[in-house]
Amino acid sequence: MSDKDLVTLTDKQRKARRSRNVAIGLALAALVIIFYLATIAKFGPAILDRPL
Amino acid sequence: MALVHNRFDDQTIRMSEATAGDFFALLKPRVMSLVVFTAFVGMVAAPATINPFLAIVAILAIAIGAGASGALNMWYDADIDAVMTRTASRPVPSGKVTPHEALTFGLVLSALSVMTLGVLVNWLSAALLAFTIFFYAVIYTMWLKRWTPQNIVIGGAAGALPPMIGWAAVTGAVSFESVVLFLITFLWTPPHFWALALFKSQDYERAGIPMMPNVAGEASTRRQIFAYSLLLAPVGVAPWLLGYTTIGYGVVSLALGAGFVWYAWKVLRMSDSDRVMKPAKQLFAYSLLYLFVIFAAYLADSIIERVFALGGA
Chain A
173 MSDKDLVTLT
183 DKQRKARRSR
193 NVAIGLALAA
203 LVIIFYLATI
213 AKFGPAILDR
223 PL
Chain B
411 MALVHNRFDD
421 QTIRMSEATA
431 GDFFALLKPR
441 VMSLVVFTAF
451 VGMVAAPATI
461 NPFLAIVAIL
471 AIAIGAGASG
481 ALNMWYDADI
491 DAVMTRTASR
501 PVPSGKVTPH
511 EALTFGLVLS
521 ALSVMTLGVL
531 VNWLSAALLA
541 FTIFFYAVIY
551 TMWLKRWTPQ
561 NIVIGGAAGA
571 LPPMIGWAAV
581 TGAVSFESVV
591 LFLITFLWTP
601 PHFWALALFK
611 SQDYERAGIP
621 MMPNVAGEAS
631 TRRQIFAYSL
641 LLAPVGVAPW
651 LLGYTTIGYG
661 VVSLALGAGF
671 VWYAWKVLRM
681 SDSDRVMKPA
691 KQLFAYSLLY
701 LFVIFAAYLA
711 DSIIERVFAL
721 GGA
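Top to bottom, those sequences are chains A and B.
Sequential numbering of the first sequence, starting at 173, is according to the numbering used here.
Sequential numbering of the second sequence, starting at 411, is according to the numbering used here.
So, in structure tokens, the structure goes:
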């Protein structure tokens with residue numbers, strides 16, 4: 173594959189992609205935290221106390 | 411013929427320059443703030459309690475769902491947004507976000523918000539949120555907006571539903587009191603948007619949208635604005651008349667309704683030759699204040715009633 177086959181991003185495109193990546197990362201982290209806490213809120217601490 | 415193309419050039423691929431901020435703008439943050447506020451009022455006014463964290467999740471899901479419908483609206487309406495001064499700088503017509511990106515973003519957030527509300531809160535509120543998104547994106551945006559001057563009258567239902575969703579999130583049901591909250595925003599929408607359409611009629615004309623002033627004329631629109639204000643004022647007071655609130659809310663809503671009728675009367679009396687349309691601009695500004703203050707009064711009334719109920723218990 174030669175260099176011609178690759179897309180070279182401009183500075184603006186690189187900054188924009190980084191901004192989108194950070195936002196997606198934060199949104200995913202927020203979702204994990206929300207579902208973790210909401211599970212405890214819905215079922216109470218008893219959800220951690222179950223026979224294995 | 412090659413089945414796979416490995417070569418990219420400017421003709422075949424466009425690398426996105428959209429930032430996270432451009433995607434956030436797709437959510438129509440100002441509209442979203444109103445949705446969050448009215449949904450919150452519905453939650454507080456509901457005669458039940460919900461875990462505070464789940465309340466935050468519900469508000470977040472409703473906000474994201476409302477934003478998603480805004481993104482779908484901007485995807486579909488990019489052609490008319492581009493020719494209207496008020497909307498030309500939106501992310502899609504300005505070229506910052508591609509229509510495909512806006513559509514994908516809107517669909518993903520719609521599904522995510524409805525599923526989150528359903529799984530973590532309850533399925534009635536999730537169903538209402540899904541209906542709101544569908545109504546705004548499909549019934550209003552794709553169908554009514556370009557077809558009938560009653561577009562914002564019927565489409566206003568989408569903007570009026572959030573207090574009912576908030577109510578349903580807490581109680582798992584829908585009651586007549588939440589329907590009254592719905593009616594306040596529903597009847598407020600036509601005079602609010604027609605006041606805007608009066609002084610932005612050239613924009614709508616250029617975009618080919620059949621708003622009331624462009625179809626029925628300015629005089630007819632002014633009469634209809636006044637008629638809706640006469641309907642809105644008593645419905646705004648109805649929560650007190652029906653015994654849902656204290657007299658405090660009754661007095662505030664009565665004064666607000668009288669103000670609305672007064673500004674609508676000034677619009678009705680506006681001369682045909684008036685091109686500055688100050689009364690229409692005043693009514694538009696007042697209508698924003700009206701909706702915010704009437705829901706704030708309802709919120710304050712609900713909180714005070716709860717505090718007194720706790721004190722008396």
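For each residue, glycine too, the CB sits at the ideal point set by N, CA and C.
How long is the line joining the alpha carbons of phenylalanine 592/B and lysine 187/A, rounded to whole angstroms? Approximately 43 Å between the Cα atoms of the pair.
Compare the C-beta of isoleucine 205/A against all C-beta atoms of chain B and say whether one is closer than 8 Å. It does not; no Cβ of chain B falls within 8 Å.
Quick check on this structure: which residue in Met425/B, Asp682/B and Val717/B has the alpha carbon closest to the alpha carbon of threonine 631/B? Out of Met425/B, Asp682/B and Val717/B, the CA that lies nearest to the CA of threonine 631/B is found in Asp682/B.
First and last residue of the alpha helix (DSSP H) that includes tyrosine 654/B? Taken as a continuous stretch (DSSP letters only), tyrosine 654/B belongs to no alpha helix (DSSP H), as it is neither H nor E.
How far does the alpha helix (DSSP H) with alanine 195/A in it extend, from its first residue to its last? Start and end: 183-215.
Inter-residue spacing [alpha-carbon to alpha-carbon] between alanine 706/B and valine 451/B: Cα to Cα, alanine 706/B sits roughly 8 Å from valine 451/B.
Are the C-beta of leucine 209/A and some C-beta of chain B separated by less than 8 Å? By this cut-off, leucine 209/A is an interface position.
Can you round the beta-carbon distance between asparagine 461/B and alanine 218/A to whole angstroms, since I take them to be within the 8 Å contact cut? 15 Å between Cβ atoms; not a contact.
Considering only the beta carbon of each residue, do leucine 642/B and glycine 667/B sit closer than 8 Å? Yes, Cβ-Cβ distance for leucine 642/B and glycine 667/B is below 8 Å.
For asparagine 483/B, report the span of its alpha helix (DSSP H) as first-last. Its alpha helix (DSSP H) spans residues 462-486.
Going straight from the alpha carbon of tryptophan 533/B to that of alanine 547/B, what length do you get? Pairing tryptophan 533/B with alanine 547/B, the inter-Cα distance amounts to about 21 Å.
Give the straight-line distance between the Cα atoms of alanine 412/B and leucine 178/A, rounded to the nearest whole angstrom. Residue placement at alanine 412/B is flagged as unreliable, the pLDDT there being 49, under the threshold of 50; the coordinate-derived value follows with that caveat. Approximately 18 Å, taken between the alpha carbons.
Count the other CB atoms, across all protein chains shown, that sit within 10 Å of the CB of leucine 608/B; report buried if there are 16 or more and exposed otherwise. Buried.
Using a Cβ-Cβ cutoff of 8 Å, what residues of the region 184-198 of chain A are near chain B? List them in chain order. Residues passing the 8 Å Cβ filter: Lys184, Gln185, Lys187, Ala188, Arg189, Ser191, Arg192, Val194 and Ala195.
Keeping to the same chain, check which residues put their C-beta closer than 7 Å to that of serine 663/B; ignore five residues upstream and five downstream. Gly646, Val647, Trp650, Ile704 and Ala707, listed in sequence order.
Other residues of its chain near proline 501/B: CB distance less than 8 Å, five sequence neighbours each side excluded: If the five residues before and after proline 501/B are omitted, its C-beta is found closer than 8 Å to the C-beta atoms of Ala428, Asp432, Phe433, Ala435, Leu436, Met484, Val507 and Ala512, all from its own chain and listed in chain order.
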